[in-house]
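K.L.:
For reference, the structure I am asking about is given below.
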Amino acid sequence: MKKKVFLLFLTALSSSVFATLSTPQLSLPADGATVIMPNAFLKWEPVTNATYYRIQVDTNANFTNPKSFISIPTGFYCANLLFGTDYYWRIKAKSPSDSSVWSNAFLFTTFYNEFTLNTPKMVNAKATFTVSANADITSDVLTINGVNLTEGLHFIAGGSANATATNIANAINIHVSLIGVVAATTSNNKVDVWAVANGTFGNGIPVSFTAGGAAGGSWNGASLTNGSFGIDAVKGNLTWNAITGVNSYQYEIDITPLFNSPNNKKGIVPFGTNLAEVDQLFFDTYYYWRLRAIHSQDTSGWSAYLTFKTPAEIVHLSPAPSFTGAMANQQMKWNLMTGVQEYDVQYDTTSNFNSTELKTIYNVFSPLNYANAIKLHFNQKYYWRVRGVHDFDVSGWSTSWNYTTINQIPLYQPANTSSTSSPIPTFVWKNVTGITKYELQLDVNSNFTNPTTYVVNQNGSDSAYTLQNALVMNQIYFWRVRAMHSNDTSSWSAPFSFTASNTSVAEAISKASINVFPNPAKEVVNISVSNMSSSSVNVILIDMLGKTVFESIYSINASTQNISIDLNKVNQGIYFIHVISGNEKLTKRIVVNK
304 MKKKVFLLFL TALSSSVFAT LSTPQLSLPA DGATVIMPNA FLKWEPVTNA
354 TYYRIQVDTN ANFTNPKSFI SIPTGFYCAN LLFGTDYYWR IKAKSPSDSS
404 VWSNAFLFTT FYNEFTLNTP KMVNAKATFT VSANADITSD VLTINGVNLT
454 EGLHFIAGGS ANATATNIAN AINIHVSLIG VVAATTSNNK VDVWAVANGT
504 FGNGIPVSFT AGGAAGGSWN GASLTNGSFG IDAVKGNLTW NAITGVNSYQ
554 YEIDITPLFN SPNNKKGIVP FGTNLAEVDQ LFFDTYYYWR LRAIHSQDTS
604 GWSAYLTFKT PAEIVHLSPA PSFTGAMANQ QMKWNLMTGV QEYDVQYDTT
654 SNFNSTELKT IYNVFSPLNY ANAIKLHFNQ KYYWRVRGVH DFDVSGWSTS
704 WNYTTINQIP LYQPANTSST SSPIPTFVWK NVTGITKYEL QLDVNSNFTN
754 PTTYVVNQNG SDSAYTLQNA LVMNQIYFWR VRAMHSNDTS SWSAPFSFTA
804 SNTSVAEAIS KASINVFPNP AKEVVNISVS NMSSSSVNVI LIDMLGKTVF
854 ESIYSINAST QNISIDLNKV NQGIYFIHVI SGNEKLTKRI VVNK
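For the sequence shown, our numbering begins at 304 and goes up steadily by one.
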């Protein structure tokens, strides 16, 4: 009997000596941790002499139906955990000859719907209002400057900016009830109200609201201001912070926070991408969007939604409001809006766009962002507006701008009261587009009682004319110009006067000649000179304002001589080439196209 007792004692002593594996100490996730990803990383402190670890994970604290795993490192990823679920986990250290006891269990809760949605979102300003203690606003819609605050926003009331908010309403056609307001009032009857999207408070403008004992009331003094729309188009990206342990995301977007309208859209985005493109959104519409995650074993809950509002109209670029001097085919330009497929443009002589002069230009396809009017009346104010179109919606018309068309054409040269250097002058004036021709009148009388009239360029692209015959020397002349198209004729320009000079009579009678080619020119213009009386010529290139752009002296021989001028540094426009040799001066007009 003593031997048996002794053997039991040795066995117990042996177990206490050789059972060297300590109980593992759990590290992460911390006990009670929440919002743990569905591929939770379990971590524990290493145990001396342990060669591997056994892990148990269960939704029951008693581990009645655990999932078991083996891990050699002191960390392990649990894949495809259910979303929004409480999990218990514990660890046992193992070696070939020994095993520790189970560790104490830790609890964590997996991610359910705690996404961080980034853009787009709209944040409306914070405001304050004061309510009389006896105010009767039981069924009145809260308004700002007469406009109902009903566009699907949250209205939240709290005692102060830092107070816990009380949700008054969060649906369309929001009514601020007496109960909702009084419950949130402080002793001085002041309430902070936020019009917000998803509880995101913006920096607001204090606005006083006083019911004054009457039924209802309205905002006074100032109005709430919107923060960023988050989207300036009818096409854009929904973005969010990525999570781990999932295979894909599903987004949902709708025009109601209940996500049950016929316009509801859903889409799947693979893991690794944390944005989704949405397009062909309605104009001037509040949208709500949310997100959930998916893996092979479960689908998360939907996130709280964000809201944003699409723009209502297209933004104008040019001409600037109240612009004067518009052309007869004035170009109207606007900002492109992403998601818009085409644009319609209207212009009219009335701001109501209801006169017989109303014109509509349809189907200006993106990426074009301009349209030209046709044969506008001279000296007339026009209003213009634009709208965007895609397959599912048409925007409202933009706020109209106006411009006034040109009436009198500015004259350039011969300058007023100047003397010409040639009895065969070239007349230059401001180019007007959208016309078919100009009329130039020349007379020795300022009242143009007996003028000579020249019709210039039937396509309206010229704004210069050179006389064919020499004028009377030392005679004062008057000249003026007007523009014409089939619908209207401009007023005559204010006349200029000049004196025909005799300083270059040789130019009119000389046998010398020049030929300029090509014309129009782009990079190089060639001048063919013949029968000049001198062995050198001075070549001058002058723009329409009389500024010298190029000047150089060239040697020539008795026969024809070709001269080339490099135009690479010359801007596009109309120029005059003067070739001067002694008392001889010849002039040619050229067009430089780039």
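Every residue gets a Cβ at the ideal spot worked out from N, C-alpha and C, and that includes glycine.
Taking I779 as part of the beta strand (DSSP E), name the residues at either end of that continuous run.
P.N.:
Residues 779-788.
K.L.:
May I ask you to report which of helix, strand or coil DSSP gives F879?
P.N.:
F879 falls in the strand class under three-state DSSP.
K.L.:
Alpha carbon to alpha carbon, how far is P332 from F574?
P.N.:
Taking the straight line from one Cα to the other gives about 23 angstroms.
K.L.:
Enumerate, from N- to C-terminal direction, the unbroken beta strand (DSSP E) stretches of 3 or more residues contained entirely within the segment 323-347.
P.N.:
Within the segment 323-347, the complete beta strand (DSSP E) runs of at least 3 residues are 329-331, 336-339, 344-347.
K.L.:
My understanding is that N672 touches Q634, with C-beta atoms under 8 angstroms, so please give their C-beta distance in whole angstroms.
P.N.:
The pair is not a contact, with the Cβ atoms about 10 angstroms apart (cut-off 8 angstroms).
K.L.:
If you draw a straight line from the C-alpha of N710 to the C-alpha of N871, how long is it?
P.N.:
Distance between the alpha carbons of N710 and N871 is about 35 angstroms.
K.L.:
Look up G691 in the DSSP assignment and say whether it is helix, strand or coil.
P.N.:
If DSSP states are grouped into helix, strand and coil, G691 belongs with the strands.
K.L.:
Looking at the strands, I want to know which residues DSSP matches up with V570.
P.N.:
Inspection of the sequence shows that residue 570 is occupied by Gly rather than by Val. According to DSSP, G570 bridges with Y554.
K.L.:
To the nearest angstrom, how far is the alpha carbon of P560 from that of G691?
P.N.:
Using only the alpha carbons, I get a separation of about 26 angstroms.
K.L.:
Taking all protein chains shown into account, do 16 or more other C-beta atoms lie within 10 angstroms of the C-beta of E887, making it buried, or fewer, making it exposed?
P.N.:
So E887 ends up on the buried side.
K.L.:
List, from N- to C-terminal side, the beta strand (DSSP E) runs of 3 residues or more that fit wholly inside the segment 353-411.
P.N.:
The qualifying runs are 355-361, 370-374, 378-380, 389-398.
K.L.:
Run through DSSP, which three-state label would F751 get?
P.N.:
If DSSP states are grouped into helix, strand and coil, F751 belongs with coil.
K.L.:
Answer with buried or exposed for D694, where buried requires no fewer than 16 other C-beta atoms within 10 angstroms of its C-beta.
P.N.:
By the 10 Å Cβ count, D694 comes out exposed.
K.L.:
Name the DSSP bridge partner or partners of W795?
P.N.:
The partner list for W795 (beta bridge, DSSP) is empty, contrary to what the question assumes.
K.L.:
Between which two residues does the beta strand (DSSP E) carrying T663 extend?
P.N.:
662-668 is the span of the beta strand (DSSP E), which, as asked, contains T663.
K.L.:
Could you spell out where the beta strand (DSSP E) holding G628 opens and where it closes?
P.N.:
G628 -> beta strand (DSSP E) spans 626-629.
K.L.:
Helix, strand or coil for T653 per DSSP?
P.N.:
The answer is coil: DSSP assigns T653 none of H, G, I, E or B.
K.L.:
Check Y583 in the structure and name its three-state DSSP category.
P.N.:
The identity of residue 583 in the sequence shown is Gln, whereas the question assumes Tyr. Reduced to three states, the DSSP call for Q583 is coil.
K.L.:
Buried or exposed for S766, going by 16 or more other Cβ atoms inside 10 Å?
P.N.:
Per the 10 Å Cβ criterion, buried.
K.L.:
Put T422 into one of helix, strand or coil per three-state DSSP.
P.N.:
The answer is strand: DSSP assigns T422 an E or B state.
K.L.:
In whole angstroms, what is the alpha-carbon distance linking N577 and A596?
P.N.:
Going from the Cα of N577 to the Cα of A596 covers about 11 angstroms.
K.L.:
Please report the Cβ distance between S330 and E348, rounded to the nearest whole angstrom; I am assuming they are in contact, meaning their Cβ atoms lie under 8 angstroms.
P.N.:
That pair is a contact at about 6 angstroms.
K.L.:
Let me confirm a value: S286 is counted as buried when at least 16 other C-beta atoms fall within 10 Å, else exposed. Which label applies?
P.N.:
Shown here, the chain extends from 304 to 897; a query on residue 286 therefore has no answer.
K.L.:
Which residues does DSSP pair with Q634 in a beta bridge?
P.N.:
Partner(s): N675.
K.L.:
What are the start and end residues of the beta strand (DSSP E) that includes W732?
P.N.:
Looking at the DSSP string, the run of the beta strand (DSSP E) that includes W732 is 729-732.
K.L.:
Label Y355 either buried or exposed according to how many other C-beta atoms from any shown protein chain fall within 10 Å of its C-beta, with 16 as the threshold for buried.
P.N.:
So Y355 counts as exposed.
K.L.:
Nearest to N368 by alpha carbon, out of A797, Y391, P823, V840?
P.N.:
For N368, the nearest C-alpha among the options comes from Y391.
K.L.:
Just to confirm, is the Cβ distance from G642 to V537 under 7 angstroms?
P.N.:
Going by C-beta atoms, G642 is nearer than 7 angstroms to V537.
K.L.:
Going by beta carbon distance, what residues of the same chain come within less than 6 angstroms of N342, once the five residues before and after it are set aside?
P.N.:
Excluding sequence neighbours, N342 sits near Y380, A382, T547, G548.
K.L.:
With DSSP run on the structure shown, which of helix, strand or coil describes E645?
P.N.:
Note: E645 maps to strand in three-state DSSP.
K.L.:
Measuring CB atoms only, is the segment 638-656 touching the segment 739-755, in the sense that at least three cross pairs come out at less than 8 angstroms?
P.N.:
Too few Cβ pairs lie closer than 8 angstroms, so no.
K.L.:
Counting only the same chain and skipping the five closest in sequence on each side, list residues whose C-beta sits under 7 angstroms from that of S551.
P.N.:
Excluding sequence neighbours, S551 sits near I571, V572, P573, F574, I597.
K.L.:
Provide the residue span of the beta strand (DSSP E) that contains Y415, from first to last.
P.N.:
From DSSP, Y415 is part of no beta strand (DSSP E); its letter is neither H nor E.
K.L.:
Would V338 pass as a contact of F414 if the rule is Cβ separation under 7 angstroms?
P.N.:
Going by C-beta atoms, V338 is nearer than 7 angstroms to F414.
K.L.:
Is it the case that the segment 600-609 contacts the segment 678-691, given that we only count it when at least three CB pairs across the two stretches are under 8 angstroms?
P.N.:
Judged by Cβ distances under 8 angstroms, the segment 678-691 makes no contact with the segment 600-609, as fewer than three pairs qualify.
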